[in-house]
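Novice: Here the sequence shown is numbered in UniProt numbering, starting from 1 and rising by one per residue.
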Amino acid sequence: MGRYHQLPGFVIFCVLLLLIGSSWRCSCGNSSALSCRREERDALLEFKQSLESNSSNGFPLSWEAEDCCDWEGLSCDRATGHVIRLEILPRVTTITDDPFSKWESYEESDPAVNASELSPSLLRLRYLNHLDLSGLRIRGSTPIPAFIGSMEHLSYLNLSEAGFQGAVPPHLGNLTSLEILDLQVHWPNNGLFLAHFHWISRLVALKHLDLYWNDLNCSIPIWFSNLNGLVHLDLGGNGLNSIEGGFSFFIRDKCPLRFLSLEGNQLQGENGRNSSGFCAFGLEFLSLQENRYSGELPDWLWNLKSLKHLILNGNSFTGLVPNSLGALSSLMELDLSKNKLQRPIPRSLERLSSLRWLDLSSNLFMSSNLFMGIIPEGLGQLSRLEFLDLSNNSLEGTVSKLHFTNLLGLKYLDISNNHLTVKLDSEWAPPFRLIFIMMGSCRFGTEFPQWIRSQKDAHTLHLSNASISGKMPQWLATDLQLRTLILLDVAVNNLHGTIPRCFGSLIGMSHSSSPENVSKVTLPKRIIHLDWDEEPMVEVMKGRELEYTTTLNLNLSHNLLSRNIPKKIGDMKWLESLDFLGNQLSGEIPPSISLLTMLSHLNLSDNNLTGKIPKSSQLDSLYVSDYSIYSGNPLLCGDPLLNKCPSQEEAPTPSKIPSKENMGGSDPLDKVTFYGVVMLGFATGFWGAIGILVFKKSWRAAYFTFAEEIANKIYVAVSLKVAKLKTRMRGE
1 MGRYHQLPGF VIFCVLLLLI GSSWRCSCGN SSALSCRREE RDALLEFKQS
51 LESNSSNGFP LSWEAEDCCD WEGLSCDRAT GHVIRLEILP RVTTITDDPF
101 SKWESYEESD PAVNASELSP SLLRLRYLNH LDLSGLRIRG STPIPAFIGS
151 MEHLSYLNLS EAGFQGAVPP HLGNLTSLEI LDLQVHWPNN GLFLAHFHWI
201 SRLVALKHLD LYWNDLNCSI PIWFSNLNGL VHLDLGGNGL NSIEGGFSFF
251 IRDKCPLRFL SLEGNQLQGE NGRNSSGFCA FGLEFLSLQE NRYSGELPDW
301 LWNLKSLKHL ILNGNSFTGL VPNSLGALSS LMELDLSKNK LQRPIPRSLE
351 RLSSLRWLDL SSNLFMSSNL FMGIIPEGLG QLSRLEFLDL SNNSLEGTVS
401 KLHFTNLLGL KYLDISNNHL TVKLDSEWAP PFRLIFIMMG SCRFGTEFPQ
451 WIRSQKDAHT LHLSNASISG KMPQWLATDL QLRTLILLDV AVNNLHGTIP
501 RCFGSLIGMS HSSSPENVSK VTLPKRIIHL DWDEEPMVEV MKGRELEYTT
551 TLNLNLSHNL LSRNIPKKIG DMKWLESLDF LGNQLSGEIP PSISLLTMLS
601 HLNLSDNNLT GKIPKSSQLD SLYVSDYSIY SGNPLLCGDP LLNKCPSQEE
651 APTPSKIPSK ENMGGSDPLD KVTFYGVVML GFATGFWGAI GILVFKKSWR
701 AAYFTFAEEI ANKIYVAVSL KVAKLKTRMR GE
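1. Closest by CA to P344, which one among L331, P322, R563 and K401?
2. If I follow the unbroken beta strand (DSSP E) through Y623, where does it start and stop?
3. If L554 and S577 are in contact, beta carbons under 8 Å, what's the gap, nearest whole angstrom?
4. Can you tell me which of P634, L635, N608 and P590 puts its alpha carbon nearest to the alpha carbon of S616?
5. Mark Q184 as exposed unless 16 or more other C-beta atoms lie within 10 angstroms of its C-beta, in which case mark it buried.
6. Can you check the segment 122 to 174 for any beta strand (DSSP E) of at least 3 residues that lies completely inside it and give the ranges in chain order?
7. What do you reckon, are the CB atoms on D414 and L385 nearer than 9 Å?
8. Report, in whole angstroms, the separation of the C-beta atoms of L206 and I220, which I expect to be a contact under 8 Å.
9. Within 10 angstroms of its Cβ, does Y212 collect 16 or more other Cβ (buried), or is it exposed?
10. Helix, strand or coil for S454, going by three-state DSSP, please let me know.
11. Taking just the CA atoms, how far does E161 sit from L310?
12. Would the beta-carbon of I437 fall within 9 Å of that of I452?
13. Can you tell me whether P646 is buried or exposed? The criterion is at least 16 other CB atoms within 10 Å of its CB, across all chains shown.
14. Using CA atoms only, rank isn't needed, just tell me which of D606, D571 and E588 is closest to L596.
15. In chain order, what residues of the same chain have a beta carbon less than 6 Å from the beta carbon of V722, not counting five sequence neighbours either side?
16. What does DSSP give as the partner residues of K471 in its beta bridges?
17. Alpha carbon to alpha carbon, how far is T405 from H196? Give it in angstroms, no decimals.
18. Return the CA-CA distance between L575 and Y715, expressed in angstroms with no decimal places.
19. If you drop the 5 nearest sequence neighbours on each side, which residues of the same chain put their C-beta closer than 7 Å to that of F147?
20. Per DSSP, H462 forms a beta bridge with which residues?
21. Just verifying my parser: in three-state terms, what is the DSSP assignment at V231?
22. Taking 9 Å as the cut-off, decide whether the C-beta atoms of G440 and S464 are in contact.
23. Can you give me the Cβ contacts of G166 inside the same chain, cut-off strictly under 6 Å, excluding the 5 residues immediately before and after it?
24. For E284, count neighbouring C-beta atoms within 10 Å of its own C-beta (all shown protein chains included) and say buried if the count is 16 or more, exposed if not.
25. Put D606 into one of helix, strand or coil per three-state DSSP.
26. Considering Cα atoms alone, identify which of F432, S155 and L334 is closest to L301.
27. Since S600 contacts I629 with CB under 8 Å, what's their CB separation in whole angstroms?
28. In three-state terms, what does DSSP make of I243?
29. Going by C-alpha distance, which of Q342, L410, L495 and Q455 is nearest F444?
30. Where DSSP assigns a beta bridge to C218, which residues make up the other side?
31. Please state the DSSP three-state secondary structure of Q342.
32. Expressed to the nearest angstrom, what Euclidean distance is found between the alpha-carbon atoms of E350 and P169?
33. Cβ atoms of S454 and A429: under 9 Å apart, would you say?
34. Within this structure, are the beta carbons of N369 and K340 separated by less than 9 Å?
35. Of the residues V231, L159 and S201, which one's Cα is nearest the Cα of N174?
36. Please state whether the Cβ-Cβ distance between S155 and S177 is less than 9 Å.
See the structure below:
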């Protein structure tokens with residue numbers, strides 16, 4: 001009986017198992033059914049039809065699986081099966097709450113997907129909340145489609161660098177759920193502009209707004225203060241001329257703003273200097289560079305305790321930098337360059353121990369001001385510093401190893417164009433490995449600095465006019481083997497001896513590396529400043545002028561170097577500038593110099609060079625642009641100089657002298673016969689054709705009818721082409 005009493009329990013257990021299994025199968029079936037909505041899959045395929053691949057490998061997105069939720073660049077809500085995210089060529093790092101993320105994510109590259117216009121099939125993705133088309137490139141003059149303003153669930157919209165032109169449609173103001181709106185453009189005059197932007201005031205949920213280079217050309221309206229949730233605001237490069245209500249509403253108390261960029265505008269005048277109560281403790285990034293601000297630095301700057309990046313270069317600020325600067329203990333980047341600041345560098349800089357490399361690098365960038373006095377030795381304790389630029393000031397005194405004691409991570413050093421004396425003994429071992437060494441116009445007063453031998457990562461070595469004497473060191477191209485060196489400038493010194501014959505082993509300038517390879521430096525894209533006399537390439541990145549050059553430059557001018565130019569000078573295949581002006585070089589110009597097809601500057605003048613100039617089209621074009629490149633070498637000869645080489649002035653050999661027979665003789669009767677035959681042939685041919693038309697009326701009529709028909713056909717064809725071209729131009 002006990003066995004039968006247990007039977008109902010066993011039956012109940014089996015029934016429960018069956019119910020659980022059935023529930024599991026139903027759950028799986030429902031999940032499969034909701035994985036991808038058929039109508040949304042069809043809409044995406046229709047959208048894909050409007051795109052064109054720019055890759056030889058076909059369409060770069062894998063949109064072939066049955067379940068569209070598994071397609072590249074797409075995400076779905078698995079509970080409903082609706083597509084909620086669409087990205088075309090998503091970036092490695094997308095815009096997040098980190099206000100600095102876009103600096104590290106931006107990378108210039110050719111688009112892989114083109115389109116003439118966007119398909120409105122996107123409207124059928126009714127639950128889409130994230131749309132990123134920043135990897136797309138729109139051809140022609142296509143504006144941002146107004147239908148995007150009907151995608152009411154969007155909280156993220158990124159159309160930056162997509163190539164849209166024309167006015168930004170005010171319909172975007174209907175997207176009241178938007179938290180991130182990115183319409184930035186990295187290059188001016190792209191054709192995208194905001195005719196008016198009052199519609200932005202309706203986007204009350206905005207946290208991230210980027211309108212960089214959108215050609216606003218107006219005042220910043222006071223209603224911006226109503227966007228209380230803004231964390232990131234970039235209005236740079238827009239020609240803005242004033243701020244309604246003053247600067248205070250940007251940095252008021254309890255404002256969540258962390259990133260503020262107003263760079264590259266025309267702002268001036270009132271900057272909140274006399275305002276009080278500015279307590280934007282959360283602000284971490286502030287850029288007012290390349291505006292028209294003047295006067296002393298505003299006091300409220302020193303209350304921004306959370307500030308990590310302060311960029312004020314390219315204004316007209318005057319006066320001194322107060323010791324209050326030392327209160328910004330979180331500061332990672334300080335750029336006060338290209339102002340009119342003066343007086344000694346404040347010693348409070350020594351307290352900025354957080355100056356270090358991040359995505360923008362840690363920088364102390366104070367060049368092109370009027371700073372005077374000595375460089376504080378305490379700067380040598382900033383162990384996180386990687387970028388130090390004090391160039392183009394009136395600094396004086398001695399630079400010793402105490403200034404570099406703890407600069408373990410320093411990569412960029414520029415103290416050029418001051419009145420500094422450098423005293424570093426030959427046994428000194430630097431704690432850093434520099435990439436850029438810029439110490440031009442400093443006074444070394446000794447032989448070539450030995451500590452440079454340890455700088456094996458150097459790309460640039462600029463020691464011109466540095467009072468360096470002694471022999472030109474052979475280790476520049478042998479012991480050191482500067483594999484990445486692309487600029488060597490030791491002009492205007494007292495170096496003597498010979499040019500190292502191993503310069504061909506400067507791989508950064510030779511055939512084994514191209515500029516694309518050797519110029520990849522781990523400095524940030526936004527903060528690079530190389531200010532040469534040799535015409536720097538000026539680049540603009542996020543409104544900031546970058547004086548950067550990948551020029552492969554070898555400048556040994558105005559020294560006392562003697563003997564021959566190395567025969568393997570032509571191995572520096574990528575060399576663009578070569579200057580040996582004002583030395584005592586002798587011998588012939590090596591024929592291998594003709595292999596330097598990338599040269600855009602050459603100066604061999606004022607030496608003792610002899611012999612024939614090598615022949616090449618590149619050398620000829622350089623001579624045409626500057627006739628002085630060989631001057632001061634009286635024993636040089638050959639083209640393109642007027643001074644011919646002796647072998648070129650020898651009398652021609654008998655075999656090359658034209659004979660009487662070859663010239664057709666010199667008898668007058670022969671000439672008369674020749675001209676008579678020519679005239680008779682012309683008359684016969686001309687009148688043979690014209691005479692028939694004169695005397696044969698039917699032939700004449702047929703000929704002119706045919707000629708008229710041909711002329712009419714040509715006229716009609718040309719007219720049609722012109723009409724089509726005009727219609728196309730009006731359409732664009």
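For every residue, glycine included, the Cβ atom is placed at its ideal position computed from N, Cα and C.
Specialist: A quick look at the data gives this:
1. The residue you call residue 344 lines up with position 344 of the sequence shown. Taking only the C-alpha atoms, the option nearest P344 is P322.
2. Against the sequence shown, residue 623 aligns to sequence position 623. Element bounds for Y623: not the beta strand (DSSP E) but the alpha helix (DSSP H), S617 to S625.
3. Residue numbering aside, residue 554 sits at position 554 when the sequence shown is read from its first letter. Residue numbering aside, residue 577 sits at position 577 when the sequence shown is read from its first letter. So it is a contact: roughly 7 Å between Cβ atoms.
4. Here residue 616 refers to the residue found at position 616 when the sequence shown is read from its first residue. That would be P590, whose Cα lies nearest to the Cα of S616.
5. Within the sequence shown, numbered from 1, the residue matching residue 184 stands at position 184. Per the 10 Å Cβ criterion, buried.
6. You should have 130 to 132, 136 to 138 and 156 to 158.
7. Here residue 414 corresponds to residue number 414 of the sequence shown, with the count starting at 1. Here residue 385 corresponds to residue number 385 of the sequence shown, with the count starting at 1. Taking 9 Å as the Cβ cut-off, D414 and L385 do not qualify as a contacting pair.
8. Looking up residue 206 in the sequence shown gives position 206. Looking up residue 220 in the sequence shown gives position 220. Their Cβ separation, rounded to whole angstroms, is 15 Å, which puts L206 and I220 out of contact at 8 Å.
9. The residue labelled residue 212 in the question sits at position 212 within the sequence shown. Burial of Y212 is indicated by the presence of at least 16 other C-beta atoms within 10 angstroms of its C-beta.
10. Mapped onto the sequence shown, residue 454 falls at position 454. In the displayed model, S454 falls within a helix according to three-state DSSP.
11. By 1-based counting over the sequence shown, the position of residue 310 is 310. By 1-based counting over the sequence shown, the position of residue 161 is 161. C-alpha of L310 to C-alpha of E161: approximately 26 Å in a straight line.
12. The residue given as residue 437 occupies position 437 in the sequence shown. The residue given as residue 452 occupies position 452 in the sequence shown. Result yes, Cβ atoms of I437 and I452 sit closer than 9 Å.
13. Numbered from 1 along the sequence shown, position 646 holds the residue referred to as residue 646. P646 comes out exposed.
14. Looking up residue 596 in the sequence shown gives position 596. The option with the nearest alpha carbon to L596 is D571.
15. In the sequence shown, residue 722 corresponds to position 722, counting from 1. Annotation for V722: no residue places its beta carbon closer than 6 Å to its own, counting only its chain and skipping 5 residues before and after.
16. What you label residue 471 is simply residue 471 of the sequence shown in a count that begins at 1. Paired residues: H496.
17. Against the sequence shown, residue 196 aligns to sequence position 196. Against the sequence shown, residue 405 aligns to sequence position 405. Those two C-alpha atoms are separated by around 55 Å.
18. As a first step, residue 575 must be located in the sequence shown, where it is residue number 575. As a first step, residue 715 must be located in the sequence shown, where it is residue number 715. For L575 and Y715, the gap between their C-alpha atoms comes out near 53 Å.
19. Taking the first residue of the sequence shown as position 1, residue 147 is located at position 147. Around F147, the same chain offers P120 and L123 as residues with beta carbons nearer than 7 Å, after the five sequence neighbours per side are excluded.
20. For the purposes of this step, residue 462 is taken as the residue at position 462 of the sequence shown. In the DSSP output, where bridge partners are listed per residue, H462 has M438 and D489.
21. By one-based count along the sequence shown, residue 231 stands at place 231. Looking at V231 - three-state DSSP - the assignment turns out to be coil, as it is neither helix nor strand.
22. Your numbering for residue 440 matches position 440 in the sequence shown. Your numbering for residue 464 matches position 464 in the sequence shown. Yes, they are a contact pair.
23. Translated into positions along the sequence shown, residue 166 becomes position 166. These residues qualify, in order along the chain: P143.
24. Residue mapping note: residue 284 aligns to position 284 of the sequence shown, counting from 1. With 16 or more other Cβ atoms inside 10 Å of its own Cβ, E284 counts as buried.
25. Counted from its first residue, the sequence shown places residue 606 at position 606. Looking at D606 - three-state DSSP - the assignment turns out to be coil, as it is neither helix nor strand.
26. Taking the first residue of the sequence shown as position 1, residue 301 is located at position 301. The residue with the shortest Cα to Cα distance from L301 is L334.
27. The count along the sequence shown starts at 1 and reaches residue 600 at position 600. The count along the sequence shown starts at 1 and reaches residue 629 at position 629. Contact doesn't hold; Cβ gap of about 12 Å is too wide.
28. Counting from one through the sequence shown, the residue named residue 243 turns up at place 243. Reduced to three states, the DSSP call for I243 is strand.
29. Mapped onto the sequence shown, residue 444 falls at position 444. Answer by Cα proximity: L495.
30. Here residue 218 refers to the residue found at position 218 when the sequence shown is read from its first residue. As far as DSSP is concerned, C218 takes part in no beta bridge.
31. If you number the sequence shown from 1, residue 342 lands on position 342. Under the three-state reduction of DSSP, Q342 is assigned to strand.
32. Translated into the one-based positions of the sequence shown, residue 350 becomes position 350. Translated into the one-based positions of the sequence shown, residue 169 becomes position 169. Rounded to the nearest angstrom, the two C-alpha atoms are 50 Å apart.
33. If you number the sequence shown from 1, residue 429 lands on position 429. If you number the sequence shown from 1, residue 454 lands on position 454. The beta carbons of A429 and S454 sit closer together than 9 Å.
34. The residue you call residue 369 lines up with position 369 of the sequence shown. The residue you call residue 340 lines up with position 340 of the sequence shown. Yes, these two residues count as a Cβ contact at 9 Å.
35. Indexing the sequence shown from 1 puts residue 174 at position 174. Of the listed residues, the one whose Cα sits closest to N174 is S201.
36. Residue numbering aside, residue 155 sits at position 155 when the sequence shown is read from its first letter. Residue numbering aside, residue 177 sits at position 177 when the sequence shown is read from its first letter. It is a contact, given that the beta carbons lie within the stated cut-off.
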